[in-house]
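Participant: My structure is below; once you've seen it, I'll send some questions.
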Amino acid sequence: MTEQKDTTLTSNKVLSLSQSIKSGLTIGEKYVSLLNQLASTTEADELLDAMKQLAAIDLTSPFVKFPQHYETADYYLLFMDRLLELNQVEGISVQEEDDHSLSMQLANFGDKISFKFELDQKQGGAFFAEQDDHEPLFYINLEKTALRFSNRALVNFFIVREIKHYSDLDLAAAVKPLISFAHVLKDQLHFHIDLGILDTENDFLARLAQPELDLKVIDKLFVETADSDYRLLNLPHNNGASLQLDRQVHIELGFDPDDYSQQWSFRVVDDDSAVSFFDVLLHYKLIRDWYLDNRDALAVRSDPLIFAD
Amino acid sequence: MASEKKQHGALEISEAINQQIAKKIDYLQKLMTALKNHDDRQIYRLLDNQRYAAEIEHREQQANDAGVMNLVDNLADQLSSYLSSKLIDYLGKAYPFFYYEEYQTGHYRIYFGNWWDRRQFGELDVLNIRFVFDQKEYKKLEKSFELANHGKRYNSKRIEDLSAENDHLQALIDSTEERSQKRAQLQNELKDASNRGGLFESAKNRETREDIKDQISQLEDQDEEARNAAANIKKNNQAVLELSKENTILSYEQKSIVDVFGSFEDFALANRNLYANYLKSLEKDNGEAKAQDNDGKQVSDND
């Protein structure tokens, strides 16, 4: 009797163990199939689907030990890499580090600068950040299908830091695949994207962070143009200033004359809507130096990267 | 007899009046026709026949008939406003850097440029086709052209002086610590010298003491100056910005004049000839077809 009872007890245990192993293996199978999907699908929505599930999967099973595997941040990189590959966007590459984590390189920087996704534990989603100062160039949230660039990080990284080491053309080439990534997300996966100062539309306003602007700051730019061929002009309603940069490109710093709050903004206008405020900072030293010298007053507003519900 | 004479006189007078009135009517009718046709050249001729004869037809001593011309005296503002449209169109091309504001009917302020900071440069006298420049502003511009020949700017000297003063003030701020050490040292020396004082103090020691006191008081003066230095540097920087702004305005103005006229002298010459140049341009407009024929011929003649 006792013996039999023990046997029953043991076999129950075995059954339950095998059940646990089975569920562990099921997770493993699912994991394998998701990895395959992420690595080989040619459909953007399946790619996103695999990415989302991989981000959510829990591989910690006491009964099944999985070999060294990638982490969620790595899947983000793979996701981005594959999505750009599917759309023939060039200029990025992914490589494995000594600790088996993945990192991304932007063409002209080579191995000198690497980028990774850094997970946001509180809100979900991840920051795309370079790995020296951890400037979060953009934030992506798959659940909310949203991506937003950080104006502050873009300026800090490209305009303040890397302009010392790379030409403006190199930097423009480096940022290009990031912009393409955002556009692909918008066009194919219906993401809401906020390009910030990378936006090239003529009606995009890069709003200043400060509520008021001391006009002396514009005087300083005016004075800087004395020895140049540039002429800083008044906007027609005395609502700011305008500078012709090239035959077909001009930049304005002004406010809407009908708006009582006088919100100051930068605006870049060109025939093809192809030039952003970021491009102007990158390519025109006069504007860049003036902007950085007076950054307290001129800083463009950087909206919080985390999206409110 | 007397009454006959009178009658005769009255006839002469009424004849004279008739003539005068006919002249006035003729004048006004010509003016009305010219206004109807917007024949501005004819209007200018009627408004100042003497000048028109001298500058356009090169006939001197053609006196104005005050009797008819003062008929429109009280219409000056309206005529000026009327004539301004074509004139300002012309000026827009000939002087692309001037902007006008009609601040009351027929009265125009001139602004130099549409740039960030610009100057009011005087007024436009439409009826006489001339600029009435603000002499102070005009002289500044003339002077800045002169200085540019020597590679200088209008406010260069003052900016240099203020910058030098700021360097001096900054040095005072930077040497605060150094001064306080020096002062402590001097005070010690003074104490030593004072100990050697008393009733039988040597002349030399007294001199030394006075000298140390002078040095200390000099340091105190510098400390006082250093305390206000930051505020003064800020004030000077503001003044430099204002002066630099004026330099920039003048440099924009110079560039504009050089772009259009080549030199300040040619600009001044064009201003003197504005009346003739403008009215000749109207002549061309009116007989355009005819002018075109002539133009072709003129070119080949010149060749």
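Residue numbers (the UniProt record's numbering), protein chains in the order written: chain A, 1 to 309; chain B, 1 to 303.
C-beta: ideal position from N, C-alpha, C; glycine also.
1. Whole angstroms is fine: what's the gap from residue 52/B's alpha carbon to residue 116/B's?
2. Please report the distance separating the alpha-carbon of residue 191/A from that of residue 7/A.
3. For the stretch 188-266 of chain B, list the alpha helix (DSSP H) runs that are entirely contained and at least 4 residues long, ordered along the chain.
4. What is the rounded straight-line gap between the Cα of residue 240/A and the Cα of residue 203/A?
5. Who pairs with residue 102/B in a beta bridge, going by DSSP?
6. Output yes if chain B places a C-beta closer than 9 Å to the C-beta of residue 297/A; else output no.
7. Rounded to the nearest angstrom, how far is the Cβ of residue 108/B from that of residue 124/B, given a contact under 8 Å?
8. Considering only residues of the same chain and omitting the five flanking positions on each side of residue 38/A, which have a CB-CB separation below 8 Å?
9. Please tell me whether residue 178/A and residue 157/A are closer than 9 Å, where the distance is taken between their beta carbons.
10. Taking only three categories from DSSP, how would you classify residue 192/A?
11. I want to see whether chain B comes within less than 9 Å of residue 280/A, judged by CB atoms only; does it?
12. Output the residue ranges of the beta strand (DSSP E) runs that lie fully inside the stretch 67-105 of chain A and measure 3 residues or longer, sorted by chain position.
13. Taking 7 Å as the limit between beta carbons, can you name the residues of its chain near residue 222/A, skipping five residues before and five after?
14. Measure the C-alpha to C-alpha separation of residue 79/B and residue 264/A and round it to an integer number of angstroms.
15. Are the beta-carbon atoms of residue 291/A and residue 159/A separated by less than 9 Å?
16. What residue does the alpha helix (DSSP H) around residue 289/A start on, and which one ends it?
17. List, in chain order, every chain B residue whose beta-carbon is nearer than 7 Å to that of residue 231/A.
18. For residue 47/B, I'd like the list of residues in its chain whose CB is within less than 8 Å of its CB, leaving aside the five on either flank, ordered along the chain.
19. What residues from the stretch 223-252 of chain B come within 7 Å of chain A, judged by C-beta to C-beta, listed N to C?
20. Tell me the DSSP secondary structure of residue 116/A in three-state form.
21. Is the stretch 89-109 of chain A touching the stretch 54-64 of chain A in the sense that three or more CB pairs, one from each, lie closer than 8 Å?
22. Tell me, please, whether the CB atom of residue 225/A is closer than 9 Å to any CB atom in chain B?
23. Need the endpoints of the alpha helix (DSSP H) that residue 223/A sits in, please.
24. From which residue to which residue does the alpha helix (DSSP H) around residue 299/A run?
25. Taking 9 Å as the threshold (beta carbon to beta carbon), is residue 289/A in contact with chain C?
26. Assess contact between the stretch 119-131 of chain A and the stretch 247-264 of chain A, defined as three or more Cβ pairs (one per stretch) separated by less than 8 Å. Is contact present?
27. Short of 8 Å in beta carbon distance, which residues of its chain neighbour residue 54/B, apart from the five on each side in sequence? Order them along the chain.
28. Does DSSP put residue 295/B in a helix, a strand or coil?
29. At least one CB of chain A closer than 9 Å to the CB of residue 118/B: is that the case?
30. Does residue 121/B pass the burial test, meaning 16 or more other C-beta atoms within 10 Å, or should it be called exposed?
31. Are the beta-carbon atoms of residue 279/B and residue 44/B separated by less than 9 Å?
32. Helix or strand or just coil, what does DSSP make of residue 23/A?
33. Note down the Cα distance separating residue 296/A from residue 224/A, rounded to an integer number of angstroms.
34. Per the contact definition of three or more C-beta pairs closer than 8 Å, is the stretch 278-287 of chain A in contact with the stretch 210-217 of chain A?
35. Please list, in chain order, the chain B residues whose beta carbon lies closer than 8 Å to that of residue 241/A.
Facilitator: From the atom records:
1. 39 Å
2. 58 Å
3. 203-227, 229-261
4. 16 Å
5. 108/B
6. no
7. 4 Å
8. 47, 50, 51, 54, 75, 78, 79, 82
9. no
10. strand
11. no
12. 92-96
13. 232
14. 43 Å
15. yes
16. 285-293
17. 115, 252
18. 69, 72, 79, 127
19. 241, 244, 245, 247, 248, 251, 252
20. strand
21. no
22. yes
23. 216-224
24. Counting along the chain, residue 299/A falls outside any alpha helix (DSSP H), and DSSP gives it neither H nor E.
25. Of the protein chains in this structure, namely A and B, none is chain C.
26. no
27. 60, 62
28. The predicted position of residue 295/B is uncertain, since its pLDDT is 40 and thus under 50; no value can be drawn from it.
29. yes
30. buried
31. yes
32. helix
33. 18 Å
34. no
35. 116
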